[in-house]
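The structure under discussion appears below in the form of structure tokens.
Number of protein chains: 4
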Amino acid sequence: MRELREKCAVVGVFGVKNAAKYAYLGLYAMQHRGQEATGISVSNGERIATIKKHGLVSMAYDDRMLERAQGSIAIGHNRYSTAGEHTMMDAQPIFARYALGEMAIAHNGNFPTYMKIRKKLIDKGAIFSSSMDTENLIHLVAQSNKTSLRLRILDALGQVEGAYSLLFLSQKELFAARDPHGFRPLSIAKVDGGYMVASETCAFDLAEAEFVRDIEPGEMVVFQEGREPESIHFAKSIPKQCIFEHIYFARPDSFLFGESVYEVRKELGRLLWEEDPIKADMVIPVPDSSIPHAIGYSQASGLPFELGIIRNHYVGRTFIEPTQRIRDLKVKRKLSPIRSLIDGKRLVIVDDSIVRGTTSKKIVSLLKRYGAKEVHMRIASPAIGFPCYYGIDTPHQNELISHSKSTEEIRDYLAADSLCFLSVAALKKAVHSHGDYCLSCFDGRYFHKR
Amino acid sequence: MRELREKCAVVGVFGVKNAAKYAYLGLYAMQHRGQEATGISVSNGERIATIKKHGLVSMAYDDRMLERAQGSIAIGHNRYSTAGEHTMMDAQPIFARYALGEMAIAHNGNFPTYMKIRKKLIDKGAIFSSSMDTENLIHLVAQSNKTSLRLRILDALGQVEGAYSLLFLSQKELFAARDPHGFRPLSIAKVDGGYMVASETCAFDLAEAEFVRDIEPGEMVVFQEGREPESIHFAKSIPKQCIFEHIYFARPDSFLFGESVYEVRKELGRLLWEEDPIKADMVIPVPDSSIPHAIGYSQASGLPFELGIIRNHYVGRTFIEPTQRIRDLKVKRKLSPIRSLIDGKRLVIVDDSIVRGTTSKKIVSLLKRYGAKEVHMRIASPAIGFPCYYGIDTPHQNELISHSKSTEEIRDYLAADSLCFLSVAALKKAVHSHGDYCLSCFDGRYFHKR
Amino acid sequence: MRELREKCAVVGVFGVKNAAKYAYLGLYAMQHRGQEATGISVSNGERIATIKKHGLVSMAYDDRMLERAQGSIAIGHNRYSTAGEHTMMDAQPIFARYALGEMAIAHNGNFPTYMKIRKKLIDKGAIFSSSMDTENLIHLVAQSNKTSLRLRILDALGQVEGAYSLLFLSQKELFAARDPHGFRPLSIAKVDGGYMVASETCAFDLAEAEFVRDIEPGEMVVFQEGREPESIHFAKSIPKQCIFEHIYFARPDSFLFGESVYEVRKELGRLLWEEDPIKADMVIPVPDSSIPHAIGYSQASGLPFELGIIRNHYVGRTFIEPTQRIRDLKVKRKLSPIRSLIDGKRLVIVDDSIVRGTTSKKIVSLLKRYGAKEVHMRIASPAIGFPCYYGIDTPHQNELISHSKSTEEIRDYLAADSLCFLSVAALKKAVHSHGDYCLSCFDGRYFHKR
Amino acid sequence: MRELREKCAVVGVFGVKNAAKYAYLGLYAMQHRGQEATGISVSNGERIATIKKHGLVSMAYDDRMLERAQGSIAIGHNRYSTAGEHTMMDAQPIFARYALGEMAIAHNGNFPTYMKIRKKLIDKGAIFSSSMDTENLIHLVAQSNKTSLRLRILDALGQVEGAYSLLFLSQKELFAARDPHGFRPLSIAKVDGGYMVASETCAFDLAEAEFVRDIEPGEMVVFQEGREPESIHFAKSIPKQCIFEHIYFARPDSFLFGESVYEVRKELGRLLWEEDPIKADMVIPVPDSSIPHAIGYSQASGLPFELGIIRNHYVGRTFIEPTQRIRDLKVKRKLSPIRSLIDGKRLVIVDDSIVRGTTSKKIVSLLKRYGAKEVHMRIASPAIGFPCYYGIDTPHQNELISHSKSTEEIRDYLAADSLCFLSVAALKKAVHSHGDYCLSCFDGRYFHKR
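Taken in order, these protein sequences are the chains called S, D, P and Z.
Following our numbering, the numbering of the first sequence begins with 1 at its first residue and continues without gaps.
Following our numbering, the numbering of the second sequence begins with 1 at its first residue and continues without gaps.
Following our numbering, the numbering of the third sequence begins with 1 at its first residue and continues without gaps.
Following our numbering, the numbering of the fourth sequence begins with 1 at its first residue and continues without gaps.
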């Protein structure tokens with residue numbers, strides 16, 4: 001059950017006719033990483049044109065629009081849902097005219113200390129029109145005294161700290177950079193004689209691009225006409241990749257940080273069983289995100305896998321409630337347990353994570369009302385006790401149920417018969433980690449100066 | 001993979017304050033039965049007000065609209081997607097003023113011989129503004145010389161032939177009728193001191209209504225103020241219930257024709273294995289509709305169940321293709337196989353049915369390109385060789401691949417390593433049928449005068 | 001100042017390629033007769049297609065839509081603004097399939113006794129889906145036992161009473177009929193080898209059609225392929241043409257009932273002066289509708305004509321008021337007096353009519369606050385004491401200020417320095433009437449059985 | 001006939017509860033100065049919130065929106081129609097966070113040499129996201145090293161050259177400045193204990209604000225809480241006010257540069273007659289903008305004023321043409337001559353200006369086809385031979401018909417019987433000018449360094 005939210009997807013295309021259409025395909029495949037707004041900037045070698053729209057990729061663009069957006073270099077961005085007044089201003093790519101011409105920028109990640117730099121920039125006379133941390137970067141590039149965009153970007157990256165998979169578009173070039181910790185993913189593929197860069201490999205599959213490799217932490221790749229892509233290692237690589245990409249952000253068909261997302265999730269489910277085996281009649285995922293974990297749990301435990309909760313995919317933004325109070329309606333409109341299946345049964349419910357705990361509580365309540373004899377919650381990640389500063393929209397620390405409550409206290413709150421979080425050790429085992437993953441939301445150890 | 005389309009959902013509410021909101025909940029839960037248009041008619045005892053809108057239930061209504069639609073009796077309708085110019089005119093409920101006052105009607109089903117009756121009505125001076133077969137019925141009621149709506153409805157039903165689960169709303173009463181063969185489902189529940197009638201029981205679960213029973217084939221139930229619902233058996237019951245409701249129309253959490261849809265589907269999967277066991281590495285459903293069948297297959301065969309194809313739920317109406325040709329794009333935008341999982345593997349692919357075969361062919365092609373060593377198609381229904389006249393929107397007979405091709409020819413066309421349809425015998429076994437199901441799309445034996 | 005509202009415009013086109021586009025031009029020119037909804041029905045000789053839309057003609061149609069509406073016969077309709085729930089259902093043309101094929105109908109006018117006929121029709125089994133009186137007519141045609149549409153229309157017209165300029169479209173023919181009193185206008189023109197019929201001649205000017213003649217009261221003209229238009233006098237002509245078409249409904253550039261609208265209005269203004277000359281500094285129209293009347297007044301009186309009140313044409317439906325109360329805001333948002341012009345001056349204000357008197361009161365108040373020394377209201381029509389049953393949307397009789405108040409009482413209510421209505425005698429003189437105009441809103445003498 | 005287009009309207013409100021609603025009223029009244037986009041920025045003392053929308057004021061805002069925009073200081077802007085891709089980015093007010101907090105800016109006018117300053121700003125590292133010249137100013141303010149916004153604005157204004165009526169909103173203050181030449185108008189009024197500033201006084205009339213005075217050329221007025229408005233004369237006043245505001249931009253009920261717009265226009269008409277009297281049957285304005293000029297002409301000449309051309313106010317953006325060619329359709333859809341009035345007559349047609357001449361040519365052609373015996377064009381302004389750099393959207397110099405053609409050549413092109421432009425001397429007389437008006441579009445003498 002998705003309760004956390006990723007901070008976007010980026011895609012870049014270089015050296016392909018109708019680059020905007022490839023960017024569109026990439027954004028289409030990565031819609032799960034952001035549904036609020038979407039944008040594409042295209043360069044025709046002379047000028048950069050930008051389209052930004054609210055809503056889904058499938059609704060935002062039309063054929064005529066992308067036909068007119070001629071050019072062989074493009075970047076695109078999907079933005080996740082935020083509340084707030086300035087949403088359109090906060091859409092990306094951000095475009096600017098500056099000393100060396102035109103540029104556009106698309107960013108996946110977060111700069112936790114951006115207000116410090118913003119203050120400095122403002123003191124120097126910079127103006128800010130959005131509340132996006134990304135806006136800092138465009139000023140740092142514009143104010144750099146270096147003579148090429150490449151050098152200015154490196155100059156700018158030297159001054160920021162945090163999580164970024166960044167794409168810069170100039171009239172002639174495409175730059176793709178990943179922060180030294182590599183918090184967020186970014187990969188390269190070949191397509192139709194040119195190149196594609198994307199947050200997730202599922203973007204390549206739709207466009208029939210051939211995966212080449214991940215951009216490394218602390219690496220920037222420069223795409224220029226008539227040359228091979230050039231690799232610049234601008235900082236020492238100290239990988240701290242986001243483990244939650246594997247736990248639930250990425251699409252299961254993506255290949256991420258060298259691993260199959262689907263296989264990692266099944267392994268998480270398997271280890272969940274191994275760490276705390278329990279007697280039950282069946283294992284049921286909270287759909288859709290926890291299905292692979294539950295399959296792994298089922299295969300390890302031998303308990304039958306059942307799709308005992310049906311997900312309604314026609315859920316819209318608004319929902320009208322009758323006058324009389326209907327219990328758990330907010331959860332029920334999305335999730336429908338199969339009454340005849342669970343009645344009188346002992347259930348293992350596999351979910352990927354618990355954030356505030358409110359939804360989990362309603363799920364347990366609903367299952368019990370529909371007749372479940374026992375409900376055993378199994379969470380395919382450790383307890384989240386700390387907020388993320390690297391690109392995930394976590395609630396305030398005191399809203400995180402695991403920040404203040406023990407596992408037993410949470411079980412009690414959920415009214416579940418048992419509750420088990422996956423251990424950090426098991427999590428690391430599942431991704432074959434040798435310390436190259438960020439676990440700060442579990443242990444509160446951060447990687448930036450505060 | 002849904003290639004056939006159902007002809008709608010109906011819901012009725014009686015004796016509940018804010019009946020329109022309960023109708024809304026029912027339509028919301030039954031969105032899978034029709035996404036093109038939706039409508040609700042409400043009576044406040046004096047007048048009937050009607051709202052009709054294009055698009056999804058979650059977008060069509062707003063709170064203010066339903067607040068104003070005061071009244072304790074309501075009917076609602078979801079309409080499936082049709083091409084055509086007069087779509088709004090063809091939305092339901094249909095409203096009319098006639099000799100006894102006002103009425104509205106909502107219909108799930110089909111009258112195969114409606115043009116004959118329409119001709120007669122037209123000869124008598126009736127005018128028709130839509131192309132809906134349902135419009136006949138409202139004329140038959142209006143032209144009846146009976147003295148009450150109840151008698152007029154019975155008079156009208158005596159003149160029509162075909163599949164119908166019908167709701168009539170007058171200023172004071174609600175009538176719910178099911179045709180003598182009971183082709184389409186219709187059930188009753190209790191809610192908040194009143195009643196709810198719906199095509200599927202999943203509507204009851206959302207509204208916290210308590211399932212009472214199915215309306216029987218050939219039965220009409222009359223809901224009137226101050227009385228218990230009255231049952232009228234207006235024709236001999238000769239059940240020929242639609243087997244495809246179980247195979248894939250209904251939501252898996254619905255309880256249909258006395259059976260759990262989810263359990264029937266798992267049983268179809270189990271029998272599919274028993275009828276033709278095969279060696280393979282894993283069983284993969286074509287999501288989402290075939291997941292329960294594949295779970296049953298997996299449990300029967302012992303082959304691991306894998307969600308090897310990911311479904312993209314952000315698919316919109318339009319899709320922009322790049323200039324260069326990308327293979328299988330129309331299928332790929334919806335379905336994404338997990339490359340690392342299937343590479344080099346022998347796959348059993350479970351799908352609920354094959355209609356034209358074009359999508360199946362693309363799925364096989366895509367799986368093979370992604371590395372599948374063998375692809376064994378297992379179809380959880382018999383070969384569809386004949387069109388449906390009872391409420392399913394099947395293509396012309398000569399577009400049905402099973403009409404002209406043998407199983408071996410189809411396998412050859414799909415380029416699959418093997419192909420197996422479920423036998424009719426196994427299908428009947430799964431639903432414990434003693435001849436009470438309609439199998440006309442498999443055997444071409446119809447139940448109306450042609 | 002328009003306070004009354006006309007009941008629509010109709011246009012017909014026959015024998016012209018792309019007839020829908022000519023209908024569009026006609027509706028575009030006659031937008032002032034109805035802004036709520038617009039519709040066009042086109043026949044391609046085989047089938048009738050219908051487009052209906054809310055809003056203005058310039059927004060409702062697009063080129064692609066009209067290109068696809070192939071056919072050489074068309075009718076169109078503009079509908080005026082009504083409150084109410086069923087507005088779309090109440091748009092025209094009304095389409096129906098009936099015994100002789102397909103037909104569409106567009107109606108300008110009103111059937112004051114339609115409920116009597118509707119009752120009879122309903123008793124015979126007819127159903128009604130709208131609240132439009134026009135719907136009766138389509139049933140009368142459909143239920144007629146005559147063998148051709150022509151005879152059926154005549155049959156139907158023989159049964160109704162009231163005001164109608166009616167267009168009937170069949171797959172092959174166009175019929176244009178005007179009621180025996182000729183309440184509403186209807187004229188014929190030649191265009192591009194075919195014919196055009198319209199409520200007002202301004203429609204012809206835009207389409208470069210050449211005015212031929214008015215259809216006479218009690219006449220129906222039949223347009224058929226390969227023949228000259230055929231004239232049928234189906235009832236004795238007893239002309240009672242709507243005088244308010246001249247006073248303010250029609251566009252000043254139209255030629256109506258044999259007179260120039262502009263010249264009639266100037267004459268009304270001239271006679272207004274002659275009937276009650278007054279000393280003043282200037283004459284000012286309430287724009288835009290009263291400008292011609294004020295020009296006439298100025299020319300007769302020698303008082304200078306001044307555009308002393310400016311009309312804001314950007315007025316939308318909604319208007320947001322500040323918290324603090326601003327006086328006369330509802331009038332001020334539309335009408336802005338020129339302060340420097342009127343300050344200290346004696347003004348003659350010419351308006352076409354007074355209905356409720358509320359707007360006039362605000363105008364007087366505003367002018368006085370802006371410094372006017374004297375305000376003399378001159379109304380270019382007699383006092384309206386009775387509602388219209390023939391196609392004008394007048395308020396209830398007790399809302400008509402002239403129903404209960406004398407001229408002096410009204411003057412007092414308006415706080416004007418003097419007030420003068422035009423006499424009926426002068427009005428008749430201005431249109432050279434020999435009893436052939438309807439004056440029922442002034443004298444309460446109606447022309448139908450009540 | 002409006003062929004030139006103004007560059008916007010600005011409104012400011014200070015010290016009034018619900019300031020946004022007063023800004024709305026002002027923008028509503030000044031809709032004629034810009035219909036493409038509209039925006040309001042409001043400060044609640046702590047933060048500035050901004051709403052920007054495409055389209056008309058009456059459509060853009062709703063009550064809820066303005067209710068939420070709490071605050072007692074606001075600025076607003078209407079933008080005129082431009083083609084181009086970045087229209088939304090180019091809407092105003094422009095908002096920015098900078099060293100001293102937040103600010104928003106609204107600008108009416110034009111900086112003819114803004115590219116020079118932009119280059120300097122870019123060289124210093126500024127980025128530009130729009131193509132608006134106004135964006136320079138916000139950078140100049142942000143980069144100033146002065147310690148208060150007041151001083152920074154003055155610093156910035158010292159560096160720019162051109163036409164500006166500017167409003168700056170900070171969290172606590174409102175600044176209203178007019179360039180040293182005072183090209184564009186800007187006036188102050190009192191309202192409900194606070195102040196209102198607007199491009200035109202018609203904004204005050206709607207809001208019931210009491211006109212105080214014009215802001216002087218080279219003056220900035222500072223509105224701060226608890227103090228009287230403070231006047232700063234930041235540059236020597238060398239008035240070169242836009243004469244075209246009087247000729248046709250302003251609304252006739254506005255009081256502009258110390259004169260009544262309506263009276264000036266009548267005087268232009270009077271002088272037009274005096275400079276070249278001619279025998280004719282009537283004088284007809286090209287509506288609506290030339291009505292006051294024609295009234296003046298009529299009063300001076302004694303020729304009867306006739307509204308011989310009717311303007312259609314329901315004209316939308318798009319217009320569908322039939323297949324067959326209809327002459328002058330683009331003009332005819334807006335302007336309809338009254339055939340019966342002009343047939344056989346000698347007409348004086350009064351228009352406010354001629355830009356390209358194409359519309360005038362069509363008007364003459366149309367009048368002749370409708371029977372006019374003679375058409376004498378009288379233009380209430382001198383020949384426009386030069387483009388405007390101070391806020392009017394004139395076409396390229398070589399599209400101005402008066403740039404390359406003599407009056408006689410233009411008359412020949414128009415096929416008019418005579419043509420007369422008003423002399424510059426008469427124009428100056430009408431506005432009582434002692435050199436304080438800009439006449440650069442007539443004489444090509446500009447007031448900035450090129």
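Built from N, CA and C at the ideal position, the CB exists for glycine as well.
On a predicted model such as this, the values are computed, not experimentally measured, just so you know.
Residue i to residue j span [Cα, whole Å]
i: residue 17 of chain P; j: residue 71 of chain P; result: 7 Å
i: residue 311 of chain P; j: residue 336 of chain P; result: 6 Å
i: residue 155 of chain P; j: residue 423 of chain P; result: 41 Å
i: residue 20 of chain Z; j: residue 201 of chain Z; result: 18 Å
i: residue 519 of chain Z; j: residue 196 of chain Z; result: For residue 519 of chain Z there is no data in the structure shown, the boundaries of chain Z being 1 and 450.
i: residue 305 of chain D; j: residue 284 of chain D; result: 6 Å
i: residue 352 of chain Z; j: residue 268 of chain P; result: 30 Å
i: residue 124 of chain Z; j: residue 110 of chain Z; result: 23 Å
i: residue 295 of chain S; j: residue 157 of chain S; result: 42 Å
Cβ-based burial, residue i [other Cβ within 10 Å; buried from 16]
i: residue 398 of chain Z; result: exposed
i: residue 426 of chain S; result: buried
i: residue 430 of chain S; result: buried
Residue of the options minimising C-alpha distance to residue i
i: residue 242 of chain D; options: D/446, D/66, D/157; result: D/446
i: residue 449 of chain S; options: S/161, S/94, S/56, S/36; result: S/161
i: residue 100 of chain S; options: S/90, S/145, S/68, S/56; result: S/145
i: residue 347 of chain S; options: S/321, S/410, S/419; result: S/419
i: residue 103 of chain Z; options: Z/287, Z/59, Z/137, Z/374; result: Z/137
i: residue 32 of chain D; options: D/12, D/55, D/50; result: D/55
Closer than 7 Å at the beta carbon, the chain S residues around residue i
i: residue 306 of chain D; result: 295
Cβ pair count under 8 Å reaching 3, the region 208-226 of chain Z against the region 265-274 of chain Z: no
Under 8 Å, with one C-beta from each stretch per pair, do the region 225-236 of chain S and the region 247-259 of chain S reach the 3-pair mark? no
Say whether the region 172-179 of chain D touches the region 7-14 of chain P, bearing in mind that this needs 3 or more beta-carbon pairs closer than 8 Å, one atom from each stretch. no
Would the region 401-418 of chain D count as touching the region 329-344 of chain D if we require 3 or more Cβ pairs under 8 Å? no
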